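Here the structure comes first, spelled out in structure tokens, and everything after it is commentary.
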Amino acid sequence: MHEFALRALQPASPPLPRFRAALAGAVLLGVTLALCAMVLGWVLEPLLRGRSVKLAGDAVFRSRDWFHILFVALLWSPVFDTLVAQWLSISFVRRFSRSMAAAVIAGAAVFSLWHMHSGGGWEQGIMTAISGAVFSWRYVHGLDYGMPGAIALTAVVHASNNALLLCALALQG
Numbered sequence: 001m002h003e004f005a006l007r008a009l010q011p012a013s014p015p016l017p018r019f020r021a022a023l024a025g026a027v028l029l030g031v032t033l034a035l036c037a038m039v040l041g042w043v044l045e046p047l048l049r050g051r052s053v054k055l056a057g058d059a060v061f062r063s064r065d066w067f068h069i070l071f072v073a074l075l076w077s078p079v080f081d082t083l084v085a086q087w088l089s090i091s092f093v094r095r096f097s098r099s100m101a102a103a104v105i106a107g108a109a110v111f112s113l114w115h116m117h118s119g120g121g122w123e124q125g126i127m128t129a130i131s132g133a134v135f136s137w138r139y140v141h142g143l144d145y146g147m148p149g150a151i152a153l154t155a156v157v158h159a160s161n162n163a164l165l166l167c168a169l170a171l172q173g
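For the record, in the sequence shown the residue sitting at position 164 is 164 according to UniProt numbering, with numbers rising by one throughout.
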């Protein structure tokens, strides 16, 4: 009994190492998502041949200002999109439902519609619905670390996804 009481007073696992592991997992998830998007794009490329696929934020890419592109793609968009598509929409849905599926679907829909409204076409709408679902899933599961932790983890997934996709776009020309 005395030993049980002493173990109960000790933390189960230090929160910082758990969060560091979650951050590493977030980077891996973002890279995996980007690789899947590249493979899907490669598979669908014959169907889209001859069509120009529009990207959200196309004006940022046309500027050729790499500092601006990196700032928007790796910092501003991941944080802003997480606040709008995950924090705001999922918080709203969770007021009415405890369904994780409803929260993920709402986050994915807002993320996709936001990208389509920002200049992306239906092709990017489909791709961003998939990534929006992954980001929303990460956000919901990141709530174990509190809202700031969930926002940070989701933004890291988004930023690492964007980083790999930017590298692929740069190599593609």
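All residues carry an ideal CB built from backbone N, CA and C; glycine is no exception. Just so we're clear, the structure is a prediction, and the values are computed from it rather than from any experiment.
- In this structure, the CA atom of A101 is about 25 Å from the CA atom of N162.
- Under a 10 Å Cβ-count criterion, D144 is classified as exposed, with fewer than 16 other Cβ atoms of the shown protein chains found around its own Cβ.
- When I90, G120, A73 are compared, the shortest CA-CA separation from A150 is found for I90.
- G30 sits in a helix when the DSSP states are folded into three classes.
- Counted as a single uninterrupted DSSP element, the alpha helix (DSSP H) harbouring W66 occupies residues 66 to 71.
- Out of V157, L171, Q172, the CA that lies nearest to the CA of P78 is found in V157.
- With respect to A73, L166 sits close: the two C-beta atoms are nearer than 7 Å.
- Residue state for S112 is assigned as helix, using DSSP reduced to three classes.
- Look at R98 here: in three-state DSSP terms it is coil, with no helix or strand label.
- DSSP places L171 inside the alpha helix (DSSP H), whose first and last residues are 146 to 172.
- Of the other Cβ atoms in all chains shown, 16 or more fall within 10 Å of the Cβ of S112; this residue is therefore buried.
- Residue range 122 to 142 is occupied by the alpha helix (DSSP H) that includes A133.
- Nearest to L164 by C-alpha distance, out of P15, A22, L29, L16, is L29.
- For I126, the closest C-alpha among the options S160, A152, L44, T154 is that of L44.
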